[in-house]
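Asker: If you want the working numbering, it's the 1-based position in the sequence shown plus 129.
All residues carry an ideal CB built from backbone N, CA and C; glycine is no exception.
Note that the structure is predicted; figures quoted are calculated from it, not measured.
Below you'll find the structure I mean.
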Amino acid sequence: MALSIEEQAELGRLRTVRLRLISGENVAKITSNGRSVEYSQASLPKLEEIISGLERRAGRRRGGAIGFRF
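So this is what it looks like as structure tokens:
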């Protein structure tokens with residue numbers, strides 16, 4: 130299922146927030162559809178869950194290991 134334009138934009142913003150938090154920024158704020166949400170390092174698992182849900186709806190799989198050798 131394809132995401133709406135608004136959902137695609139939100140997914141992009143959420144990915145940016147995730148990157149900022151992983152990079153060490155303490156708090157990241159996102160505004161979408163007139164509402165604001167602040168995320169912190171403690172929010173990272175919930176943020177990952179939201180991103181994964183949107184990616185599943187978009188029909189995308191999350192990247193994993195391509196392969197390995199011994």
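Taking the alpha-carbon positions, what's the residue 154 to residue 144 distance?
Answerer: On the sequence shown, residue 154 is found 25 positions in, with the first residue counted as 1. On the sequence shown, residue 144 is found 15 positions in, with the first residue counted as 1. Taking the straight line from one Cα to the other gives about 14 Å.
Asker: With distances taken from CA atoms, which of 140, 135, 136 is nearest residue 180?
Answerer: Along the sequence shown, read from residue 1 onward, the residue named residue 180 stands at position 51. For residue 180, the nearest C-alpha among the options comes from 140.
Asker: Following the continuous beta strand (DSSP E) through residue 157, name the residue where it begins and the one where it ends.
Answerer: Here the question's residue 157 lines up with position 28 in the sequence shown. Segment 156-161, the beta strand (DSSP E) holding residue 157.
Asker: Looking at the secondary structure, which residues open and close the beta strand (DSSP E) in which residue 133 lies?
Answerer: Counting from one through the sequence shown, the residue named residue 133 turns up at place 4. Where residue 133 is concerned, there is no enclosing beta strand (DSSP E), given that its DSSP letter is neither H nor E.
Asker: Taking Cβ to Cβ, would you say residue 175 is nearer than 8 Å to residue 165?
Answerer: In the sequence shown, the residue the question calls residue 175 occupies position 46. In the sequence shown, the residue the question calls residue 165 occupies position 36. Using a Cβ distance threshold of 8 Å, residue 175 and residue 165 do not count as a contacting pair.
Asker: Can you check DSSP and say which residues form a bridge with residue 167?
Answerer: Within the sequence shown, residue 167 is the residue found at index 38, counting from 1. Looking at the DSSP assignment, residue 167 forms a beta bridge with 158.
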